[in-house]
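*Asks:* I have a structure I would like to understand better, so I am pasting it below and will then ask my questions one at a time.
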Amino acid sequence: DPAAAPATPPNAAVDDPDADAVWAFWSRSDARNHLDGLGLDPGESWSCSQLTRERVATASDEERLVAVDDDDGIAGFALHTRTWEREADDADGDADTSAEDEPPVERHAIYGSAAWRDVAAVGALLDAVARDAADRDADHVRVFIPETVDHVSDVAANRVEVSAEPDFVMTADLTDR
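For the sequence shown, the UniProt record's numbering assigns the number 1 to the initial residue and increments by one for each residue that follows.
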């Protein structure tokens, strides 16, 4: 019965995500609460900074915002922060390169903010992120997620590899209050 089918497939990728809807989702997400509103900084690879409405809007304008939705609206998002390249590791140790040959390069796509509603949403979101990273010619993808049992379990339930060497975010009030 076509009338019984949902208007939007559950957790469908959004072609042109509304930055305001993504901001509203982020503002009330568990990920934001756990990370104190921080995401990877777009200018400093070693730093985190506040994810602002303006950064979300800029990411949307620059087509760096990946989102999935369902009948209830935005169900998850990730923000592409940067792509970087480095010389590829030679796993066999027997690379045959001459002085004229350039060493092979690996491209890494980094998504510095992410949040989702549930395990199904993160599955769809990570699929959308993988497609986005492929469009950026990335060989590897990293997504910044909260280091909580729920968040890591949601990712693992979708059979997505979680880093064996995670980065931890700690905050401290340095204002002498």
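Backbone N, C-alpha and C define an ideal beta-carbon position, used for all residues, glycine too.
Computed from a predicted structure; not experimentally measured.
Taking the alpha carbon of residue 31 as the reference point, which residue from 117, 52, 176 and 140 has its own alpha carbon closest?
*Replies:* Position 31 of the sequence shown, counting from 1, holds the residue named residue 31. Residue 31 has its Cα closest to that of 117, out of 117, 52, 176 and 140.
*Asks:* DSSP puts residue 86 in a beta bridge; with which residues?
*Replies:* Sequence index remark: in the sequence shown, residue 86 carries index 86 (1-based). According to DSSP, residue 86 bridges with 106.
*Asks:* Tell me which residues share the same chain as residue 69 and place their Cβ nearer than 7 angstroms to its Cβ, disregarding the 5 neighbours each side in the sequence.
*Replies:* For the purposes of this step, residue 69 is taken as residue 69 along the sequence shown, with counting starting at 1. Result list for residue 69: 8, 12, 14 and 75, in chain order.
*Asks:* Which same chain residues, not among the five before or five after residue 151, have their C-beta less than 6 angstroms away from its C-beta?
*Replies:* What you label residue 151 is simply residue 151 of the sequence shown in a count that begins at 1. Same-chain partners within the cutoff: 145.
*Asks:* Taking 8 angstroms as the threshold, find out whether the region 104-120 comes into contact with the region 76-87 through three or more Cβ pairs.
*Replies:* yes
*Asks:* Determine the direct distance from the alpha carbon of residue 23 to that of residue 131, and round the result to whole angstroms.
*Replies:* Against the sequence shown, residue 131 aligns to sequence position 131. Against the sequence shown, residue 23 aligns to sequence position 23. Going from the Cα of residue 131 to the Cα of residue 23 covers about 22 angstroms.
*Asks:* Just grab the DSSP bridge partners of residue 49 for me.
*Replies:* Position 49 of the sequence shown, counted from the start, is the residue given in the question as residue 49. DSSP, once it has assigned bridges, lists 39 as partnering residue 49.
*Asks:* Counting C-beta neighbours from all protein chains within 10 Å, is the total for residue 43 16 or more, i.e. buried, or is it exposed?
*Replies:* In the sequence shown, the residue the question calls residue 43 occupies position 43. When all chains shown are included, residue 43 counts as exposed.
*Asks:* Under a Cβ-count criterion, where at least 16 other Cβ atoms within 10 Å of its own Cβ denotes burial, should residue 155 be classed as buried or exposed?
*Replies:* Locating residue 155 in the sequence shown gives position 155, where the first residue counts as 1. Buried, since its Cβ has 16 or more Cβ neighbours within 10 Å.
*Asks:* Along the beta strand (DSSP E) that carries residue 67, what are the first and last residues, could you check?
*Replies:* Numbered from its first residue, the sequence shown carries residue 67 at position 67. It spans 65-70 - the beta strand (DSSP E) in which residue 67 sits, taken as one unbroken run.
*Asks:* Please list, in chain order, all residues of the same chain as residue 133 whose beta carbon is under 7 angstroms from its beta carbon, the five residues on each side excluded.
*Replies:* On the sequence shown, position 133 is the one that residue 133 refers to. Closer than 7 angstroms at the Cβ level, and outside the excluded window around residue 133, lie 109 and 141.
*Asks:* Taking Cβ positions, are residue 128 and residue 66 nearer each other than 8 angstroms?
*Replies:* To locate residue 128, count along the sequence shown from 1; it is residue 128. To locate residue 66, count along the sequence shown from 1; it is residue 66. It is a contact, given that the beta carbons lie within the stated cut-off.
*Asks:* May I have the straight-line CA-CA distance separating residue 47 from residue 38, to the nearest angstrom?
*Replies:* In the sequence shown, counting from the first residue as 1, residue 47 sits at position 47. In the sequence shown, counting from the first residue as 1, residue 38 sits at position 38. If you take the alpha carbons of residue 47 and residue 38, they lie about 10 angstroms apart.
*Asks:* Pull up the distance between the alpha-carbon of residue 115 and that of residue 19, whole angstroms please.
*Replies:* On the sequence shown, position 115 is the one that residue 115 refers to. On the sequence shown, position 19 is the one that residue 19 refers to. If I take the Cα positions, the gap works out to 14 angstroms.
*Asks:* Under 8 angstroms by Cβ, that's how I've got residue 105 and residue 157 pegged, so tell me the actual separation to the nearest angstrom.
*Replies:* The count along the sequence shown starts at 1 and reaches residue 105 at position 105. The count along the sequence shown starts at 1 and reaches residue 157 at position 157. About 33 angstroms; that fails the 8 angstroms criterion.
*Asks:* According to DSSP, simplified to helix, strand and coil, what is residue 149?
*Replies:* Position 149 of the sequence shown holds residue 149. In this structure, residue 149 counts as helix in the three-state DSSP scheme.
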